[in-house]
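>
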Amino acid sequence: MKGAAAAIELGESKIGSTPRSGVNRGAAILDFILRIIAFLGTLVSAIAMGTTRERLPFFTQFLQFRAEYNDLPTFTFFVVANSIVCAYLMFSLALSIFHIIRSNAKNSRIILIFFDTGMLALLTAGASAATAIVYLAHKGNAKANWFPICQQFNSFCERISGSLIGSFVAIVIFVLLILMSAAALSRR
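With the sequence shown counted from 1, adding 55 to any position gets you the numbering used here.
Written out as structure tokens, the structure is:
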């Protein structure tokens, strides 16, 4: 009887799980949801950028100006980086489900922190490089004689600008995921 009373005083249930494991399970569920949101953000960003193209007729149908994402290697890198991170997030969902089931897992959280940090770096590099080119497309650079192209290619510029949103949302989510995993590990 004293053991049951002590367990109740310490906040433990009869099954033997602590309130801390409930917090870990809640964090694991939040981790799973954030990974799904980041997956969707990187997927939409890669598709939006990868399907961006616009053609402008100039005098005749035979002479046209075109703008496509693969005209600039930076945008190609952006699509590849988002695709790699998207595939990683899809596979990491399995570990996230594992953490929901076994909220005290330690080694798999360390693996996720390691790979999440690498994917954060890759995604940040791709989004930052693409942002610089999007800025030049909108504003140009008079000193370097680079003229803004968004006055002519409105649809192209809207899509490339919009595709950056999903990547930056995923970057913020990766920072949260890394901090949550580190906090879950530090509680042990």
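Where a beta carbon is used, it is the ideal one built from N, C-alpha and C, also for glycine.
#1: L232 and D126 - do their beta-carbons sit closer together than 8 Å?
#2: With a CB to CB cut of under 8 Å and the five nearest residues on each side skipped, what residues in its chain are close to S216?
#3: Could you tell me which whole alpha helix (DSSP H) segments of length 4 or greater appear in the stretch 176 to 224?
#4: Which whole-angstrom value describes the C-beta separation of A107 and F202, a residue pair presumed to lie in contact below a C-beta threshold of 8 Å?
#5: Distance, Cα to Cα, A136 vs I91?
#6: State the CB to CB distance for the pair M174 and V134, rounded to an integer number of angstroms; the pair is presumed to be in contact (CB under 8 Å).
#7: To the nearest angstrom, how far is it from the Cα of A237 to the Cα of P128?
#8: Would you tell me roughly how many angstroms separate the C-alpha atoms of L240 and A82, rounded to the nearest one?
#9: Quick check: what's the CA-CA separation for I139 versus L148?
#10: Would you kindly work out how many angstroms separate the C-alpha atoms of Y124 and G96, rounded to a whole number?
#11: From A182 to K161, what distance separates their C-alpha atoms?
#12: Considering only residues of the same chain and omitting the five flanking positions on each side of L144, which have a CB-CB separation below 6 Å?
#13: In angstroms, rounded to a whole number, what distance separates the CA positions of I228 and D171?
#14: Can you list, in chain order, the residues of its chain whose CB lies under 7 Å from that of T179, leaving out five sequence neighbours each side?
#15: Quick one: Cα of N200 to Cα of R214, how far?
#16: Whose C-beta lies closer than 7 Å to the C-beta of G58 among residues of the same chain, with five residues either side of it excluded?
#17: Along the alpha helix (DSSP H) that carries L144, what are the first and last residues, could you check?
#18: So, are the CB atoms of F223 and A185 less than 8 Å apart?
Here's the rundown:
#1: Not a contact, by the Cβ cut-off of 8 Å.
#2: Result list for S216: V189 and H193, in chain order.
#3: Segments of the alpha helix (DSSP H) lying fully in the stretch 176 to 224: there are none.
#4: For the sequence presented, residue 107 should be read as Thr rather than Ala. Their Cβ separation, rounded to whole angstroms, is 19 Å, which puts T107 and F202 out of contact at 8 Å.
#5: Rounded to the nearest angstrom, the gap between the Cα atoms of A136 and I91 is 17 Å.
#6: Actually they do not touch by this definition, with Cβ atoms about 15 Å apart.
#7: For the pair A237 and P128, the Cα-to-Cα distance works out to about 35 Å.
#8: Rounded to the nearest whole angstrom, the CA to CA distance from L240 to A82 is 11 Å.
#9: Cα-Cα distance, rounded: 15 Å.
#10: Roughly 18 Å separates the two Cα atoms.
#11: Here the alpha carbon of A182 sits roughly 31 Å from the alpha carbon of K161.
#12: For L144, where only same-chain residues beyond five positions count, the Cβ hits under 6 Å are R90, A93 and F94.
#13: For I228 and D171, the distance between alpha carbons rounds to 10 Å.
#14: Hits under 7 Å: I226.
#15: For N200 and R214, the distance between alpha carbons rounds to 24 Å.
#16: Note that G58 scores a pLDDT of 47, beneath 50, so its modelled location is shaky; the value from the coordinates is reported in the next line. Around G58: no qualifying Cβ.
#17: If you look at L144, you'll find it in the alpha helix (DSSP H) that goes P128 to I156.
#18: By the CB criterion at 8 Å, F223 and A185 fall outside the cutoff.
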